[in-house]
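Worksheet: the structure to be examined is printed underneath.
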Amino acid sequence: MTRRMLDCREVPSDSGCSLTLTGTEDEVLDAGAAHAVAVHGHTDGPELREALRAHLRTAPVAAGTGSFVQVLEFRTTEPERFDELVAGWVEAIGGERTAQWYVLGADRESPGTYVEVVGFPDHEAAMRNSDHPATVQFAAKLGDLCEGPPTFRDLDVVSAMTP
91 MTRRMLDCRE VPSDSGCSLT LTGTEDEVLD AGAAHAVAVH GHTDGPELRE ALRAHLRTAP
151 VAAGTGSFVQ VLEFRTTEPE RFDELVAGWV EAIGGERTAQ WYVLGADRES PGTYVEVVGF
211 PDHEAAMRNS DHPATVQFAA KLGDLCEGPP TFRDLDVVSA MTP
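If you read the sequence shown in this note's numbering, its first letter stands for residue 91, the second for the next number, and so on.
Structural data, given as structure tokens:
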């Protein structure tokens with residue numbers, strides 16, 4: 091069973107709500123609709139359910155054997171713009187996003203160097219994500235932000251551990 095997720099932080103809102111719901115698609119839609127009515131003042135119905143469905147995505151899972159990660163390394167003097175680019179990409183790709191999580195790190199030994207690690211359920215999902223027009227546009231904008239070309243690595247997860 092694929093777990094689905096709805097995250098209020100990813101739905102346009104003035105309230106700044108941070109609730110995240112995870113479960114089966116039907117469970118998340120029902121709970122999301124109830125939350126949207128009770129907290130955000132919406133009216134339950136087909137339009138609300140379709141809007142919620144458009145923001146559903148596969149729930150993140152811990153990296154494990156068979157999953158896939160992409161590693162992106164880049165240099166910039168404007169790291170805050172990276173978050174803006176990511177936010178624009180999340181909005182543009184919407185429910186077609188296959189990336190499940192990411193971590194951005196700043197290199198302590200090389201100021202201005204950043205590494206992003208992005209997790210996917212598998213290689214095929216990563217390639218769908220990479221080929222999506224929103225990701226192609228993100229990569230072009232990232233190139234403008236970077237000092238020199240970014241580097242990419244595609245890695246099959248061989249093992250992972252949660253202590």
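Glycine is no exception: its CB is placed at the ideal position from the N, C-alpha and C atoms.
Buried versus exposed call for residue i [16 or more other C-beta atoms within 10 Å across all chains shown]
i, result
"W191", "exposed"
"G184", "exposed"
"C98", "buried"
"L109", "exposed"
"P102", "exposed"
"T114", "exposed"
"P211", "buried"
"P253", "Residue confidence is low: P253 scores 48 on pLDDT, short of 50, so the model does not pin down where it sits. Its coordinate-derived value is still stated next. That one is exposed."
"R187", "buried"
Local conformation of residue i per DSSP, three classes
i, result
"G195", "strand"
"R93", "coil"
"V208", "strand"
"P253", "Any answer about P253 is weak, because its pLDDT of 48 lies below 50 and its placement is not dependable; what the coordinates show is given next. Residue state, collapsed to three classes: coil."
"G178", "helix"
"T225", "helix"
"G131", "coil"
"G122", "helix"
"E140", "helix"
"L146", "coil"
"G106", "coil"
"E237", "coil"
"G113", "strand"
"R187", "coil"
"E214", "helix"
"E170", "helix"
Check whether residue i and residue j have beta carbons under 7 Å apart
i, j, result
"P240", "L146", "no"
"D65", "F158", "This structure gives no information on residue 65, because the portion of the chain shown stretches from 91 to 253."
"A179", "F228", "A small correction: the amino acid at residue 179 is Trp; Ala does not occupy that position in the sequence shown. Taking 7 Å as the Cβ cut-off, W179 and F228 qualify as a contacting pair."
"V129", "Q160", "no"
"L194", "E206", "yes"
Rounded Cβ spacing between residue i and residue j (contact assumed at less than 8 Å)
i, j, result
"F172", "L235", "7 Å"
"V127", "R94", "No, V127 and R94 are not in contact; Cβ-Cβ is about 19 Å, not under 8 Å."
"A123", "L111", "Not really, about 10 Å apart at Cβ, beyond 8 Å."
"T167", "Y204", "Actually they are not in contact, since the Cβ atoms of T167 and Y204 sit about 11 Å apart, beyond 8 Å."
"A189", "N219", "5 Å"
"A224", "D244", "Wrong, their Cβ atoms sit about 19 Å apart, outside the cutoff."
Heavy atom of the ligand FAD within 6 Å of residue i beta-carbon
i, result
"P240", "As presented, the structure is devoid of all ligands, the ligand FAD included, so that no description of it is given."
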